[in-house]
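Q:
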């Protein structure tokens, strides 16, 4: 099967606007031809450097080295939440015609930002049997312009609410009783009045956490149909306003005072250390809990589907992409075939707080929380795509949405202006 070994300059420039200022104007310089020899090391860039991710990435590396001792692997972690620093490094590498062998990123609409830069690995998918062994959404979302461009490693869930068991018990709050956004706000008020703990810890040093929380609040307050209209480019402004009003109540009254200066990892420590009652994050937060000594599921921490989103599983994938101008094409294909296999998906996901995208993995090694997550995935009424991590809206729309949140919804919380900007950002 013919590979994409030539980059189309016009396509590359077209993708530049959707990835922010560090952005992908760098992509315009990536005009190289075919890659290097098959004996070159596989250089893999990823963003898993702490908390939930470092242990998982190390387990993945160890499993690959054990399975393929004759293929040299150079894992290169790039720190920073929400892939922001990773994206900038990838952009610079592509600009300088020095692509890595593969890099972690998101599939779906997010792939459009790399149009003309990613190679066609459809033959790898066919030879490895991935179309039959992975969930349908993974098969659909890892294709772009009629060809497979990436391989999935695991699936995260975004509509999660985690809590410290001791803190909610001290407050007299029953998380299982929370079935709406208004229930959640009432619970946060109870924690505030009955304890000296943080009702909802939030790491807001990066805009992505606010945008992610907006997405789940919109799903909670507006429902599945309105949420899907939003991601499809036909947002209901009234529903956007209602979600933002609920968020403003949270941010103005119930989050930690140092929220603006800390990130996800530090915020999640407030749950582990018993300083906070609740946190909203994807289920990578549970990966950090699993890796924390003496912090056990259903004893020290618990999980609740984000109130108002029961029966839904907000979908997110961790994936590895294949640059067409590849420095180690054959060895990179070895890496990608491994990523989509059982051994990699077991090694990585059990520590990352995610579940395999393969349908034939024994969940016995994953612990009770992830076993329950896999059951929720299988039994979900709907699996709506997330907004912040590549599956629901394009990179350009996400960048515009984040700019609006940074300018209008980072304190003071200007609901009307933010609603106007968000509606404009995603409208067709």
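Numbering (my numbering), first residue to last: 253 to 680. We treat Cβ as the ideally placed atom computed from N, Cα and C, and that holds for glycine.
1. Taking residue 547 as the reference, which of 567, 523, 570, 678 has the closest Cα?
2. For residue 445, does the count of other Cβ atoms within 10 angstroms reach 16, so buried, or fall short, so exposed?
3. Find out if the Cβ-Cβ distance for the pair residue 309, residue 423 is shorter than 8 Å.
4. Within 10 Å of its beta-carbon, does residue 627 have 16 or more other beta-carbons around it, so buried, or fewer, so exposed?
5. Measure the CB-CB distance between residue 681 and residue 657 and report whether it falls below 8 Å.
6. Identify whether residue 449 lies in helix, strand or coil by the three-state DSSP scheme.
7. Under 8 Å by Cβ, that's how I've got residue 662 and residue 293 pegged, so tell me the actual separation to the nearest angstrom.
8. Closest to residue 503 by CA distance: which of 484, 461, 521 is it?
9. In chain order, what residues of the same chain lie with their CB nearer than 6 Å to the CB of residue 629, ignoring the 5 residues before and after it?
10. Under 8 Å, with one C-beta from each stretch per pair, do the region 473-482 and the region 629-640 reach the 3-pair mark?
11. Identify the residues that DSSP records as bridge partners of residue 571: which are they?
12. May I ask which residues mark the beginning and end of the beta strand (DSSP E) holding residue 413?
13. Which residues in the same chain as residue 396 place their Cβ atom closer than 6 Å to its Cβ, once the five residues preceding and following it in sequence are excluded?
14. For residue 496, which of 519, 666, 614, 611 has the nearest alpha-carbon?
15. Is the beta carbon of residue 447 less than 8 Å from the beta carbon of residue 559?
16. Going straight from the alpha carbon of residue 533 to that of residue 406, what length do you get?
17. Kindly indicate which three-state DSSP category residue 384 falls into: helix, strand or coil?
18. If you follow the beta strand (DSSP E) that residue 326 is part of, which residue opens it and which one closes it?
19. Run through DSSP, which three-state label would residue 443 get?
20. What's the call for residue 646, buried or exposed, on a 16-neighbour Cβ count within 10 Å?
21. Go ahead and label residue 616 buried or exposed: buried means 16 or more other beta carbons lie within 10 angstroms of its beta carbon, across all protein chains shown.
22. Is DSSP giving residue 564 helix, strand or coil here?
23. Given 8 Å as the limit, is there contact between the region 361-379 and the region 308-323, that is, 3 or more CB pairs closer than that?
24. Could you give the first and the last residue of the continuous alpha helix (DSSP H) run that contains residue 536?
25. Rounded to whole angstroms, what's the CA-CA distance from residue 500 to residue 668? Just pull it up for me.
26. Quick one: measure Cβ to Cβ for residue 556 and residue 305, integer angstroms, because I've assumed they're closer than 8 Å.
27. On a CA-only basis, which of 475, 590, 437, 339 is nearest residue 505? Give me that one, please.
28. Which one of 394, 382, 456 has the shortest CA to CA distance from residue 612?
29. Which two residues bound the contiguous beta strand (DSSP E) that contains residue 553?
30. Is residue 279 buried or exposed, if buried means 16 or more other CB atoms sit within 10 Å of its CB?
31. I'd like the span of the beta strand (DSSP E) that includes residue 529, first residue to last.
32. What does the alpha-carbon distance come out to for the pair residue 549 and residue 492?
33. Would you decide whether residue 388 is buried or exposed? Buried here means 16 or more other CB atoms lie within 10 Å of its CB.
34. Can you give the beta carbon distance from residue 299 to residue 337, rounded, assuming they're within the 8 Å contact cut?
35. Could you tell me the alpha carbon to alpha carbon distance between residue 678 and residue 466, rounded to whole angstroms?
36. Taking the DSSP output, what are the residues bridged to residue 661?
A: To lay it out plainly:
1. Position 295 of the chain shown, counted from the start, is the residue given in the question as residue 547. When C-alpha distances from residue 547 are compared across 567, 523, 570, 678, the shortest belongs to 523.
2. Position 193 of the chain shown, counted from the start, is the residue given in the question as residue 445. Per the 10 Å Cβ criterion, exposed.
3. On the chain shown, position 57 is the one that residue 309 refers to. On the chain shown, position 171 is the one that residue 423 refers to. No, these two residues do not count as a Cβ contact at 8 Å.
4. What you label residue 627 is simply residue 375 of the chain shown in a count that begins at 1. Note on residue 627: under 16 other CB atoms within 10 angstroms of its CB, so exposed under the neighbour-count rule.
5. Any answer about residue 681 is impossible in this case: the structure gives the chain only from 253 up to 680.
6. Position 197 of the chain shown, counting from 1, holds the residue named residue 449. Looking at residue 449 - three-state DSSP - the assignment turns out to be coil, as it is neither helix nor strand.
7. Walking along the chain shown from the start, residue 662 turns up at place 410. Walking along the chain shown from the start, residue 293 turns up at place 41. That belief does not hold up - the Cβ atoms of residue 662 and residue 293 are roughly 42 Å apart, past 8 Å.
8. Here residue 503 corresponds to residue number 251 of the chain shown, with the count starting at 1. Nearest option by C-alpha distance: 461.
9. The sequence position of residue 629 within the chain shown is 377, counting from 1. Result list for residue 629: 565, in chain order.
10. Per the Cβ contact rule, the region 473-482 is in contact with the region 629-640 (3 or more Cβ pairs under 8 Å).
11. Taking the first residue of the chain shown as position 1, residue 571 is located at position 319. For residue 571, which the question treats as bridged, DSSP gives the partners 357, 404.
12. On the chain shown, residue 413 is found 161 positions in, with the first residue counted as 1. Taken as a continuous stretch (DSSP letters only), the beta strand (DSSP E) holding residue 413 covers 412-416.
13. Residue numbering aside, residue 396 sits at position 144 when the chain shown is read from its first letter. Beyond the five residues adjoining it in sequence on each side, residue 396 comes within less than 6 Å, by CB distance, of 363 in the same chain, given in chain order.
14. Mapped onto the chain shown, residue 496 falls at position 244. From the listed residues 519, 666, 614, 611, the smallest Cα separation to residue 496 is found for 666.
15. Indexing the chain shown from 1 puts residue 447 at position 195. Indexing the chain shown from 1 puts residue 559 at position 307. Taking the C-beta atoms as reference points, residue 559 is found no nearer than 8 Å to residue 447.
16. The residue labelled residue 533 in the question sits at position 281 within the chain shown. The residue labelled residue 406 in the question sits at position 154 within the chain shown. One C-alpha to the other measures close to 16 Å.
17. Numbered from its first residue, the chain shown carries residue 384 at position 132. Correct three-state label for residue 384: helix.
18. Counting from one through the chain shown, the residue named residue 326 turns up at place 74. That run of the beta strand (DSSP E) goes 325-329.
19. Translated into positions along the chain shown, residue 443 becomes position 191. In the structure shown, residue 443 sits in a helix (DSSP, three-state: H, G or I).
20. Here the question's residue 646 lines up with position 394 in the chain shown. Result: buried.
21. As a first step, residue 616 is located in the chain shown; it is residue number 364 there, counting from the start. Exposed: under 16 other Cβ atoms inside 10 Å.
22. Numbered from 1 along the chain shown, position 312 holds the residue referred to as residue 564. Strand at residue 564.
23. By the C-beta criterion, the region 361-379 is judged not to be in contact with the region 308-323, since fewer than 3 inter-stretch pairs fall below 8 Å.
24. Numbered from 1 along the chain shown, position 284 holds the residue referred to as residue 536. Membership of residue 536 in the alpha helix (DSSP H) is indicated by the continuous run 536-542.
25. Position 248 of the chain shown, counted from the first residue, corresponds to residue 500. Position 416 of the chain shown, counted from the first residue, corresponds to residue 668. Distance between the alpha carbons of residue 500 and residue 668 is about 11 Å.
26. Here the question's residue 556 lines up with position 304 in the chain shown. Here the question's residue 305 lines up with position 53 in the chain shown. Their Cβ separation, rounded to whole angstroms, is 23 Å, which puts residue 556 and residue 305 out of contact at 8 Å.
27. Locating residue 505 in the chain shown gives position 253, where the first residue counts as 1. With distances taken between Cα atoms, residue 505 lies closest to 437.
28. As a working note, residue 612 is residue 360 in the chain shown. The shortest Cα separation from residue 612 among 394, 382, 456 belongs to 382.
29. Taking the first residue of the chain shown as position 1, residue 553 is located at position 301. Residues 553-557.
30. In the chain shown, residue 279 corresponds to position 27, counting from 1. Annotation note: pLDDT 38 at residue 279 (below 50); position unreliable, coordinate value reported separately. That one is buried.
31. Within the chain shown, the letter at position 277 stands for residue 529. First-last of the beta strand (DSSP E) with residue 529: 528-532.
32. In the chain shown, counting from the first residue as 1, residue 549 sits at position 297. In the chain shown, counting from the first residue as 1, residue 492 sits at position 240. Approximately 34 Å between the Cα atoms of the pair.
33. Here residue 388 is taken as the residue at index 136 of the chain shown, counted from 1. In this structure residue 388 is exposed. Its beta-carbon is surrounded by fewer than 16 other beta-carbon atoms within 10 angstroms.
34. What you label residue 299 is simply residue 47 of the chain shown in a count that begins at 1. What you label residue 337 is simply residue 85 of the chain shown in a count that begins at 1. Between residue 299 and residue 337 the beta-carbon gap is near 7 Å, inside 8 Å, which marks them as a contact.
35. Locating residue 678 in the chain shown gives position 426, where the first residue counts as 1. Locating residue 466 in the chain shown gives position 214, where the first residue counts as 1. Looking at the two C-alpha atoms, the distance is approximately 14 Å.
36. As a first step, residue 661 must be located in the chain shown, where it is residue number 409. Answer is 665, bridged to residue 661.
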